[in-house]
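Visitor: Residues in the sequence shown are numbered from 4 upward in steps of one, following this note's numbering. Ideal Cβ placement from N, Cα and C applies to all residues, glycine included.
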Amino acid sequence: MSSEPILEGRGLSKHYGPVVALNNVDFAVYPGEVVALVGDNGAGKSTLVKILAGAVLPDSGTIFFSGERAAIHNPHDARARGIETVYQDLALVSARDTTANMFLGRELVYGGALRPLAIERRRAMVQFTEERLAELGIELPDVKGLPIDRLSGGQRQAVAVARATAWATKVLFMDEPTAALGVQQTEAVLELTRRVAAKGIGVVLITHIMPHVMEVADRLVVLRHGRKVADLPSAGVTTDDLVRLIVGFDPAEDHLAERAASQPDKIGGA
4 MSSEPILEGR GLSKHYGPVV ALNNVDFAVY PGEVVALVGD NGAGKSTLVK
54 ILAGAVLPDS GTIFFSGERA AIHNPHDARA RGIETVYQDL ALVSARDTTA
104 NMFLGRELVY GGALRPLAIE RRRAMVQFTE ERLAELGIEL PDVKGLPIDR
154 LSGGQRQAVA VARATAWATK VLFMDEPTAA LGVQQTEAVL ELTRRVAAKG
204 IGVVLITHIM PHVMEVADRL VVLRHGRKVA DLPSAGVTTD DLVRLIVGFD
254 PAEDHLAERA ASQPDKIGGA
């Protein structure tokens with residue numbers, strides 16, 4: 004694993020009026036690792052991901068990409084760097100079909116993207132979509148012609164996951180990616196998470212399902228009330244340990260306190 008983060012945020016903070024969503028948080032993801040970002044509701048997980056993915060601007064802090072300071076002001080800036088995200092709200096266009104949603108802003112056209120009144124290469128787009136869905140074991144009534152809002156919640160969730168994994172080349176954020184999926188599709192997503200990381204892509208997994216965290220994560224980052232309270236390798240950490248970190252504990256009495264405090268801000272290079 005590389006000793007340099009592919010994507011890093013330093014001192015990131017975000018306030019919504021009097022509410023502190025994120026307070027001076029450092030976070031990094033390295034090529035080829037799966038890092039689980041965990042915490043209770045309101046801990047700041049989604050806010051952190053949205054900042055790093057360009058959907059929300061921080062009040063303070065700096066973002067670095069491949070070791071250089073980066074301006075990520077919107078999702079387009081993130082996507083241009085190979086950063087993709089599965090959002091909790093899925094970010095799908097309800098009136099368009101599955102193929103159109105897979106290619107939003109990336110449509111294949113004859114003659115190149117700059118050609119006036121370019122005609123979409125619809126057949127190639129449909130084939131690409133079917134192949135990506137097949138990788139996840141996703142079966143849909145049809146990937147063309149059927150508006151996405153005619154699909155079930157689990158099917159829409161699966162489409163959002165397939166889209167993000169298809170286009171990520173550097174970092175993949177997955178915010179509750181298995182929330183509406185069945186057992187078979189959930190296992191397919193977890194297996195795909197491993198395959199994505201094996202290609203050298205950094206994967207950030209946000210989930211409340213602790214067995215999923217323990218199954219795929221190389222490193223654990225815990226947020227509580229907008230602050231980072233732990234950043235440590237997952238090896239040797241039990242589910243009970245992780246829950247205690249999430250809800251809080253007395254550092255004087257907990258065996259994880261010294262370990263969490265002793266981890267450097269940049270782990271993963273050893």
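#1: Between the region 124–140 and the region 100–113, do at least 3 Cβ pairs fall closer than 8 Å?
#2: If contacts are defined as beta-carbon pairs under 8 Å, then Leu-93 and Ala-163 qualify, I think. What distance do you get, rounded to the angstrom?
#3: Just the C-alpha distance for Pro-144 and Gly-14, rounded to the nearest angstrom, thanks.
#4: Give the range of the beta strand (DSSP E) segment to which Ala-39 is assigned.
#5: When you compare each of Pro-61, Glu-87, Thr-102 to His-76 by their alpha carbons, which one comes out closest?
#6: Express the C-alpha separation of Val-232 and Leu-248 in angstroms, rounding to a whole number.
#7: Count the other C-beta atoms from every protein chain shown that fall within 10 angstroms of the C-beta of Pro-214, then say buried if there are 16 or more, exposed otherwise.
#8: If you run the structure through DSSP and keep just helix, strand and coil, what is Thr-172?
#9: Quick check: the region 199–211 against the region 11–25, are there 3 or more CB pairs under 8 Å?
#10: In whole angstroms, what separates the C-alpha of Leu-17 from that of Gly-45?
#11: Please state whether DSSP places Gln-158 in a helix, a strand or coil.
#12: Within the chosen definition, does the region 69–84 reach the region 237–244 through at least 3 CB pairs nearer than 8 Å?
#13: I'd like to know whether the C-beta of Gly-148 is nearer than 8 Å to at least one C-beta of chain B.
#14: Tell me whether the beta-carbon of Ile-86 lies closer than 8 Å to the beta-carbon of Lys-202.
#15: Tell me, which residues are paired with Pro-236 by DSSP?
#16: Could you tell me which residues DSSP puts in a beta bridge with Ile-86?
#17: Could you check the C-alpha separation between Ile-270 and Arg-124 for me, to the nearest Å?
#18: Report the rounded CA-to-CA distance for Gly-47 versus Gly-239, giving the unit in angstroms.
#19: Which partner residues of Ser-16 appear in the DSSP bridge assignment?
#20: Start and end of the beta strand (DSSP E) containing Asn-26?
#21: Below 6 Å CB to CB, which residues in the same chain sit around Pro-34 once its five sequence neighbours on both sides are set aside?
#22: Could you tell me which of Asp-178, Val-199, His-228 sits nearest to Ser-212, measuring between CA atoms?
#23: Glu-256 to Pro-236, Cα distance in whole Å?
#24: What's the call for Leu-107, buried or exposed, on a 16-neighbour Cβ count within 10 Å?
#25: Would you identify the three-state DSSP class for Ile-54, choosing helix, strand or coil?
#26: Can Val-59 and Asp-221 be called in contact, C-beta distance under 8 Å?
#27: By DSSP, does Ile-249 sit in helix, in strand, or in coil?
#28: Whole-angstrom Cβ separation of Arg-99 and Ile-151, contact assumed at under 8 Å?
#29: Taking 8 Å as the cut-off, decide whether the C-beta atoms of Gly-12 and Gly-64 are in contact.
Guide: With the given structure in hand:
#1: yes
#2: Leu-93 to Ala-163, Cβ: 4 Å. Contact.
#3: 46 Å
#4: 37–41
#5: Pro-61
#6: 8 Å
#7: It is exposed - the Cβ of Pro-214 has fewer than 16 other Cβ atoms within 10 Å.
#8: coil
#9: no
#10: A small correction: the amino acid at residue 17 is Lys; Leu does not occupy that position in the sequence shown. When only Cα atoms are considered, Lys-17 and Gly-45 end up about 13 Å apart.
#11: helix
#12: no
#13: Here there is only one protein chain, and chain B is not present.
#14: no
#15: Arg-222
#16: Val-174
#17: For Ile-270, the predicted structure reports a pLDDT of 41, less than 50, and the residue's modelled location is therefore unreliable. A value from the coordinates is still provided. Approximately 44 Å, taken between the alpha carbons.
#18: 25 Å
#19: DSSP, once it has assigned bridges, lists Ser-63 as partnering Ser-16.
#20: 22–32
#21: Ser-5, Ile-9, Gly-203, Gly-205
#22: Just to set this straight, residue 212 is Ile in the shown sequence, not Ser. Nearest C-alpha to Ile-212: Asp-178.
#23: Confidence at Glu-256 is low in this model, with a pLDDT of 42, below 50, so its placement is unreliable and the value that follows should be read with caution. For Glu-256 and Pro-236, the distance between alpha carbons rounds to 21 Å.
#24: exposed
#25: Note: Ile-54 maps to helix in three-state DSSP.
#26: Pairing Val-59 with Asp-221 gives a Cβ-Cβ distance that is not under 8 Å.
#27: Assignment of Ile-249 by DSSP, reduced to helix, strand and coil, places it in the helix class.
#28: Confirmed, Cβ separation roughly 6 Å.
#29: yes
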